[in-house]
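K.L.:
So for the sequence shown, our numbering puts the first residue at 76; every next one is plus one. Please see the structure below; I have some questions.
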Amino acid sequence: MRWRNNHHASEPIAAPEGKWTFVDFPDSACDDGTPTGIGIYPNKASDKLLVFLNGGGACWDYGTCVTFNTSTHGPIGSKQFANASAAFGGSVMDHALADNPFKDYSTVWIPYCTGDVHTGDTVNTYGDGGGKTAQIHHKGHANVLAYLKRLVPTFSKPGKIVISGSSAGGGGALFNYPTFREAWPGVPMMLVEDSLPLFVGNSITPTLRKAWFDSWKLDAVAGPICPGCKDDLSLFMKAVAEKYPQDRLALLSSQQDRTIRTYFQLQPAAFQTALEQLTTDVLDKQPNWRHFYVTGETHTMLGSPDKFTAGTTPLWPWLSQLTNDATPPASADPGK
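Spelled out as structure tokens, the structure:
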């Protein structure tokens, strides 16, 4: 269900200024069915808002969800948020960091405990084939809709919104971008997607694509703007660019990301080739996409942007130009 069909706003959130607070949402759910919530850091002195979707793997059957535990599980409540927020130092959510272009933004942190790249609205029972079963609540997209019911009245007239996330959260920021756009129509908005590129065609195998669409009901999120995404997930990146040509969109990645290449079942060189194909065939053909690529196999950058430089371009100034300057930066590549 998209925002336009689910836009009954609720009460705004009341939270102290200049500090992190965890807000419970009884109508949300982690994979175990327990409710979760969001972290919020309000700053009424600014009309800018950063929404950050957290990462933590993905799962789509008994093996991935239970046997190999390839995603973060619930519960996630105030205790877990306290642990997570203690590690915000040096990240895009560090409001005391001088180099951080988001330091003055009001900030919302969306947890990840649904295994579905923030895209699901379904409950599945998976079996191991030998009689063991597990019920998994893939409710990532449903949670976003629940949060928006209160976030929209809380931030009713933002001057700028940045939607971002890392790893599965980066994918969630991308897949939910049309939903955020519908929730705040007409507001200047941009996307910073950290470390989940959607490769062209069979660079992500048909088996994996089918599992994700079937298990998470991904078509409910991707289908409205990208009916061909079941065959080519990169088309979603193209569709977002074409639907919102005025918005700046950015992808961050290392050339051989060890974590994502494992999920995609690719060798290092094959991952790099697929990233180059995505860049040449899709991103570079869209005037509003930018990319920031670094050498090596590291995974995610927004937790510590000071550690990353693409060629001679440090990440912090690049993000600052992307989000604040009249002219966006050029894409940044290793060796340039």
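Even for Gly, the Cβ is constructed at its ideal location relative to N, Cα and C.
Helix, strand or coil: how does DSSP classify LEU377 here?
P.N.:
Here the question's residue 377 lines up with position 302 in the sequence shown. Coil at LEU377, not helix or strand.
K.L.:
How close, in whole Å, do the beta carbons of LEU377 and SER181 come, if the pair is a contact with beta carbons under 8 Å?
P.N.:
One-based indexing of the sequence shown puts residue 377 at position 302. One-based indexing of the sequence shown puts residue 181 at position 106. Their Cβ separation, rounded to whole angstroms, is 17 Å, which puts LEU377 and SER181 out of contact at 8 Å.
K.L.:
Taking the alpha carbon of GLY202 as the reference point, which residue from SER290, TRP95, ALA295 and ASP307 has its own alpha carbon closest?
P.N.:
Looking up residue 202 in the sequence shown gives position 127. Here the closest residue by C-alpha is SER290.
K.L.:
Does the pairing of the stretch 292-303 with the stretch 264-280 give three or more beta-carbon distances under 8 Å?
P.N.:
Touching, no, given that fewer than three Cβ pairs across the two stretches are closer than 8 Å.
K.L.:
Since HIS170 and ASP106 should fall inside the 8 Å C-beta cutoff, what is the C-beta to C-beta distance between them, to a whole number of angstroms?
P.N.:
Counting from one through the sequence shown, the residue named residue 170 turns up at place 95. Counting from one through the sequence shown, the residue named residue 106 turns up at place 31. Wrong, their Cβ atoms sit about 30 Å apart, outside the cutoff.
K.L.:
Taking buried to mean at least 16 other C-beta atoms within 10 Å of its own C-beta, is ASN158 buried or exposed?
P.N.:
Counting from 1 along the sequence shown, the entry for residue 158 is found at position 83. Flag for ASN158 reads exposed.
K.L.:
What residue range does the alpha helix (DSSP H) around ASN158 cover?
P.N.:
The residue you call residue 158 lines up with position 83 of the sequence shown. Where ASN158 is concerned, the enclosing alpha helix (DSSP H) stretches over 153-160.
K.L.:
Answer yes or no: do GLY386 and PRO409 have a C-beta to C-beta separation smaller than 9 Å?
P.N.:
Within the sequence shown, numbered from 1, the residue matching residue 386 stands at position 311. Within the sequence shown, numbered from 1, the residue matching residue 409 stands at position 334. For GLY386 and PRO409, yes; Cβs fall inside 9 Å.
K.L.:
Per the DSSP calculation, GLN210 is bridged to which residue(s)?
P.N.:
Locating residue 210 in the sequence shown gives position 135, counting from the first residue. According to DSSP, which records beta bridges pairwise, GLN210 is partnered with THR200.
K.L.:
Any idea if THR402 is buried or exposed, counting beta-carbon neighbours within 10 angstroms, 16 or more meaning buried?
P.N.:
For this step, residue 402 is matched to residue 327 along the sequence shown. So THR402 counts as exposed.
K.L.:
Below 6 Å CB to CB, which residues in the same chain sit around ASP174 once its five sequence neighbours on both sides are set aside?
P.N.:
Here residue 174 corresponds to residue number 99 of the sequence shown, with the count starting at 1. These residues qualify, in order along the chain: TRP391.
K.L.:
Using only CA atoms, which one of PRO101, VAL183 and SER270 lies nearest to GLU92?
P.N.:
Stepping through the sequence shown from its first residue, residue 92 is reached at position 17. Of the candidates PRO101, VAL183 and SER270, the one whose C-alpha sits nearest the C-alpha of GLU92 is VAL183.
K.L.:
Determine the direct distance from the alpha carbon of THR96 to that of GLY234, and round the result to whole angstroms.
P.N.:
On the sequence shown, residue 234 is found 159 positions in, with the first residue counted as 1. On the sequence shown, residue 96 is found 21 positions in, with the first residue counted as 1. GLY234 and THR96: Cα-Cα distance of roughly 23 Å.
K.L.:
Any idea if ASN129 is buried or exposed, counting beta-carbon neighbours within 10 angstroms, 16 or more meaning buried?
P.N.:
For the purposes of this step, residue 129 is taken as the residue at position 54 of the sequence shown. So ASN129 ends up on the buried side.
K.L.:
For MET312, which of helix, strand or coil comes out of DSSP?
P.N.:
Reading the sequence shown from its first residue, position 237 is the one you call residue 312. Note: MET312 maps to helix in three-state DSSP.
K.L.:
Can you give the Cα-Cα distance for ILE115 and LEU124, rounded to whole angstroms?
P.N.:
The residue given as residue 115 occupies position 40 in the sequence shown. The residue given as residue 124 occupies position 49 in the sequence shown. For ILE115 and LEU124, the distance between alpha carbons rounds to 11 Å.
K.L.:
Assuming PRO176 contacts THR398 under a Cβ cut-off of 8 Å, what Cβ separation, rounded to an integer in Å, is found between them?
P.N.:
As a first step, residue 176 must be located in the sequence shown, where it is residue number 101. As a first step, residue 398 must be located in the sequence shown, where it is residue number 323. Sure, about 5 Å apart at Cβ, within 8 Å.
K.L.:
Are ILE279 and LEU271 close, meaning C-beta to C-beta below 9 Å?
P.N.:
As a position in the sequence shown, residue 279 is number 204, starting the count at 1. As a position in the sequence shown, residue 271 is number 196, starting the count at 1. Not a contact, by the Cβ cut-off of 9 Å.
K.L.:
Along the chain, where does the alpha helix (DSSP H) containing VAL296 start, and where does it finish?
P.N.:
Residue numbering aside, residue 296 sits at position 221 when the sequence shown is read from its first letter. Residues 294-297.
K.L.:
Which full runs of the alpha helix (DSSP H) of 4+ residues lie inside the stretch 227-265, going along the chain?
P.N.:
Correct list: 243-250 and 252-258.
K.L.:
Helix, strand or coil for GLU268 per DSSP?
P.N.:
For the purposes of this step, residue 268 is taken as residue 193 along the sequence shown, with counting starting at 1. Residue state, collapsed to three classes: strand.
K.L.:
Going by DSSP in three states, TRP364 sits in which element: helix, strand or coil?
P.N.:
Translated into the one-based positions of the sequence shown, residue 364 becomes position 289. Strand, per DSSP.
K.L.:
May I have the straight-line CA-CA distance separating LEU350 from LEU308, to the nearest angstrom?
P.N.:
Looking up residue 350 in the sequence shown gives position 275. Looking up residue 308 in the sequence shown gives position 233. In a straight line, the C-alpha of LEU350 is about 13 Å away from that of LEU308.
K.L.:
With burial defined as no fewer than 16 other Cβ atoms inside 10 Å of the residue's Cβ, what is the status of ASP419: buried or exposed?
P.N.:
A question about residue 419 goes unanswered here, because the residues of the chain that appear run from 76 up to 411.
K.L.:
Could you pull the start and end residues of the alpha helix (DSSP H) that THR182 belongs to?
P.N.:
As a first step, residue 182 is located in the sequence shown; it is residue number 107 there, counting from the start. Segment 181-185 is the beta strand (DSSP E) holding THR182; no alpha helix (DSSP H) there.
K.L.:
Within the same chain, show all residues whose beta-carbon is closer than 7 Å to that of THR145, passing over the 5 residues directly before and after it, in chain order.
P.N.:
Taking the first residue of the sequence shown as 1, we reach residue 145 at position 70. So the list reads GLY132, ALA133, CYS134 and THR139, once near-sequence residues are dropped.
K.L.:
With distances taken Cα to Cα, identify the nearest neighbour of THR354 among TYR368, THR373 and ASN218.
P.N.:
Residue numbering aside, residue 354 sits at position 279 when the sequence shown is read from its first letter. With distances taken between Cα atoms, THR354 lies closest to TYR368.
K.L.:
Any chance the stretch 205-225 sits against the stretch 189-196, with 3 or more Cβ pairs inside 8 Å?
P.N.:
With a cut-off of 8 Å, the stretch 189-196 and the stretch 205-225 count as touching, because enough Cβ pairs lie within range.
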